[in-house]
Amino acid sequence: MSVAEAPEERAAAEPESEAWQPKIVAFCCNWCSYAGADLAGTSRLHYPATVRVVRVPCSGRVNPRFVIRAFQRGADGVLVAGCHPGDCHYSTGNYYARRRFLLARRLLEYMGIDPERFWVKWISGSEGPKFAEVIREMSAAISALGPNRKAREEE
Amino acid sequence: MKAVAQDLTADLARLEELARSRARELLEAGTVRLVLGHRQAWTGPTAVPHFVTTPEAAGLLVTGPGCAAGIAKYVLDEQDKEGKVAVLARGCDTLGIRRMIVDKRVDPEKVLVIGLPCAGSIDPAKVANAVGADAAAIARVTPRDGRVEVLLHGQKEPVGGPPLDGILRDVCLACDQKVPSGCAEVLGADLAVLAEVSARPPVLDAGDAEAEVTRIESLSPGERYAYWADVFSRCLRCFACRNACPACNCRVCTLESYDPKWLGHPTDMPNQFMFHFIRAMDVAGRCVGCGECERVCPAGLPLMSLNRKLSRDIRLLFGVERPHVPGDVEPLGRFEPEDPEEFM
């Protein structure tokens, strides 16, 4: 296949099926966002079952290459969620993460990967409704974009 | 103007003499075990790295525009051996050495940095283009009267070439380190013309140097992906860019790790994207802008377009004016509570 046009063409050629649902990988920090996701669950809040949560000790644990790896292995969107700036369990982890992801998202965009597929959100342990809302929003946004084909391994 | 240019040639020759005699002196006194510099290549106009361990071998040392190869990275291996290493370093080399010292990979006690003022180094492809010959046919490039003379293989007389600025490497045109800083000593400080030339502001300002970055940014996402897919499809995965880079100095390289295996063996697009994303991101904020990655690339990939993009964004996002000059803490190793939140 021609490398250049393949991703768009294949995405366009793929029939609009009811069955297709985006796959979203969410890296949630143990102390805030994972607790937020937990609260969303125990509060019986509804959000699309498109998200796969990966628990990490801190948003600062997330190396930008995790994002590429997720896209490689079939993710359509990647979310990094951490404590609000100033609220990090380790004081400053999310500040470092913020700098890193500001840069990484611009680099992804520069390399032609749709930056709309990569989100970073601050969700505290008490923000169950926000977690559900972010997943709803992101799911809708990624659904609109369609399946990701860029930098993705053939199955 | 003509007289000035003539003097530059004389100054460059004088600098070469100074470098040789200083190397000889250091080796005779036993101050250092090794002097790192350049010597003329067997073929071609550029010089190759030269490892001088005896006073006699110092006579082969050359300096000047032919010395394109960066020599900073060799310090990493050489400093592990007994004795001290002296480096005849241009501005780019001193930045590379400083990078490895800040990264705590090179012991500053074991390296003696001898600064050389620099007028830039040549790009053989530009020379070939200017004289309409094959790059392999060029034997010598000699600065003369503000221009260069190009001698082709098999010919006795050199042909007149373009002005020196016209055949310098792109990184040299944007270089703000022609007068090396942070050295134990700087040779040729009394060479007036060379001092004047090396003190000039860069030929290209930041905007001009980043013109290619601006061009790629202006493409549509599909075109950008296609552009990089085309570039990366030529990548041989030889890791020359990593080996030459003074910022790529980890003891254990993630690219060679089997567990976790970040980089798969196939050179398919997902792995090529992973490789180049990792390489660019891991030197983000630590790249010294020497352009060695691009120079050594056998496939001629425009790797500096990735590095320049990152250093430009570091400048715009975090207000770091000169991200290529190693500070005590690199831009990604610190933060400000007021950092921007573009999309969070």
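First to last, the sequence lines map onto chains W and F. All residue numbers for the first sequence refer to my numbering, where the first residue is 125 and numbers rise by one. All residue numbers for the second sequence refer to my numbering, where the first residue is 3 and numbers rise by one. By construction, the Cβ of each residue, glycine as well, lies at the ideal position given by its N, Cα and C atoms. Predicted model only: the values in this text are computed from it and were never measured.
Cβ separation of Ala301 (chain F) and Arg236 (chain F), assumed to be a contact under 8 Å, to the nearest whole Å = Confirmed, Cβ separation roughly 4 Å.
key: Contact list for Lys311 (chain F) against chain C, beta-carbon separation under 8 Å   = Annotation note: the requested chain C is absent from the structure, which comprises protein chains W and F.
message = Please identify the residue among F:Leu36, F:Glu30, F:Arg107 whose C-alpha is closest to the C-alpha of Val254 (chain F).
response = F:Arg107
query = Going along the chain, which residues of its own chain have a beta-carbon closer than 8 Å to the beta-carbon of Ala275 (chain W), five neighbours each way excluded?
reply = Ile192, Phe195, Gln196, Ile237
key: Presumed contact (8 Å Cβ cut-off) between Leu17 (chain F) and Thr48 (chain F), rounded CB distance   = Not confirmed; about 17 Å, so no contact.
request  = Would you kindly work out how many angstroms separate the C-alpha atoms of Val285 (chain F) and Pro333 (chain F), rounded to a whole number?
outcome  = 11 Å
request  = May I ask you to report which of helix, strand or coil DSSP gives Val127 (chain W)?
outcome  = Because the pLDDT of Val127 (chain W) is 46, which lies under 50, any placement of that residue in the model is unreliable, and the number read from its coordinates should be weighed accordingly. Val127 (chain W): coil per DSSP, three-state reduction.
request  = Output the distance between the C-alpha atoms of Cys240 (chain F) and His208 (chain W), rounded to the nearest integer angstrom.
outcome  = 42 Å
ask   = Are the C-beta atoms of Phe241 (chain F) and some chain W residue less than 8 Å apart?
value = no
Interface flag, Thr216 (chain W) vs chain F, CB-CB below 8 Å = yes
message = Just list the residues that DSSP pairs Ile116 (chain F) with in beta bridges.
response = F:Leu90, F:Glu187
key: Delimiting residues of the alpha helix (DSSP H) encompassing Gln274 (chain F)   = 271 to 284
query = In terms of residues, what are the limits of the beta strand (DSSP E) holding Pro51 (chain F)?
reply = 49 to 54
Residues bridged to Leu36 (chain F) (per DSSP) = According to DSSP, Leu36 (chain F) bridges with F:Val87.
ask   = Which residues, in order along the segment 325 to 346 of chain F, keep a beta-carbon less than 9 Å from a beta-carbon of chain W?
value = Pro333, Leu334, Gly335, Arg336, Phe337, Glu338, Pro339, Asp341, Pro342, Glu343, Glu344, Phe345, Met346
message = Just verifying my parser: in three-state terms, what is the DSSP assignment at Leu20 (chain F)?
response = Three-state DSSP puts Leu20 (chain F) in a helix.
task = Give the residues of chain F in contact with Leu226 (chain W), contact being defined as C-beta atoms less than 9 Å apart.
result = Asp315, Leu319, Phe320, Asp341, Pro342, Glu343, Glu344, Phe345, Met346
inquiry  = Considering Cα atoms alone, identify which of F:Val181, F:Glu58, F:Lys128 is closest to Leu28 (chain F).
reply    = Checked all of F:Val181, F:Glu58, F:Lys128; the closest Cα to Leu28 (chain F) is F:Glu58.
query = Is any beta-carbon of chain F found at less than 8 Å from that of Met125 (chain W)?
reply = A caution first: Met125 (chain W) carries a pLDDT of 41, below 50, which makes its placement in the model too unreliable to give a value.
request  = Measuring only between beta-carbons, confirm whether Pro272 (chain F) sits less than 8 Å from chain W.
outcome  = yes
request  = My understanding is that Cys185 (chain F) touches Gly122 (chain F), with C-beta atoms under 8 Å, so please give their C-beta distance in whole angstroms.
outcome  = Incorrect: roughly 18 Å between the Cβ atoms, too far for contact.
query = Would Glu279 (chain W) be called buried (16 or more neighbouring beta carbons within 10 Å of its own) or exposed?
reply = exposed
Backbone CA spacing between Leu206 (chain F) and Gly93 (chain F) [nearest angstrom] = 17 Å
task = Assuming Val50 (chain F) contacts Leu36 (chain F) (C-beta within less than 8 Å), just tell me the rounded distance between them.
result = Going by Cβ atoms, the distance from Val50 (chain F) to Leu36 (chain F) rounds to 16 Å, so no, they are not a contact pair.
request  = Rank F:Leu166, F:Gly168, F:Asp147, F:Val133 by C-alpha distance to the C-alpha of Leu153 (chain F) and give the top, closest one.
outcome  = The shortest CA-to-CA distance from Leu153 (chain F) to any of F:Leu166, F:Gly168, F:Asp147, F:Val133 is the one to F:Val133.
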